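Trainee: Have a look at this one.
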Amino acid sequence: YCYTCKIDRELGETAYEDYEVKNGMRPVWMNVHEAIAHNEKTMAESPKKGMSIERETFLLHLIAKELL
Numbered sequence: 028y029c030y031t032c033k034i035d036r037e038l039g040e041t042a043y044e045d046y047e048v049k050n051g052m053r054p055v056w057m058n059v060h061e062a063i064a065h066n067e068k069t070m071a072e073s074p075k076k077g078m079s080i081e082r083e084t085f086l087l088h089l090i091a092k093e094l095l
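Going by our numbering, the first residue of the sequence shown is number 28, and it counts up by one from there.
Pasting the structure below:
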């Protein structure tokens with residue numbers, strides 16, 4: 028499932044999941060096309076990729092096509 032949301036002007040502290048900390052994940056603002064390119068490169072080169080990156084890349088393509 029996918030959900031839409033409204034973004035508050037003031038963001039709170041990030042509450043990371045254990046796996047996000049373990050994998051060194053962190054939020055960054057970036058161009059959607061750069062994010063797509065990064066994810067596609069990761070999927071092509073990394074044997075450790077999970078299903079979430081495929082889902083997120085699909086959604087990024089959809090956002091770029093329909094909202095930008």
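Even for Gly, the Cβ is constructed at its ideal location relative to N, Cα and C. Please read these numbers as outputs of a predicted model, since none were measured by experiment.
For L94 and M78, what's the separation of their Cα atoms in angstroms?
Mentor: Position 67 of the sequence shown, counting from 1, holds the residue named residue 94. Position 51 of the sequence shown, counting from 1, holds the residue named residue 78. Looking at the two C-alpha atoms, the distance is approximately 24 Å.
Trainee: Expressed to the nearest angstrom, what Euclidean distance is found between the alpha-carbon atoms of D8 and K92?
Mentor: Because the chain is modelled from 28 through 95, residue 8 falls outside the range shown and cannot be assessed.
Trainee: By Cβ distance below 7 Å, which residues in the same chain neighbour A62 in space, the five residues on each side in sequence not counted?
Mentor: Residue 62 sits at position 35 when you count from the first residue of the sequence shown. Correct list, in chain order: L87.
Trainee: Could you tell me the distance, in whole angstroms, from the CA atom of T31 to the CA atom of E72?
Mentor: Here residue 31 refers to the residue found at position 4 of the sequence shown. Here residue 72 refers to the residue found at position 45 of the sequence shown. If you draw a straight line from the Cα of T31 to the Cα of E72, it comes to about 31 Å.
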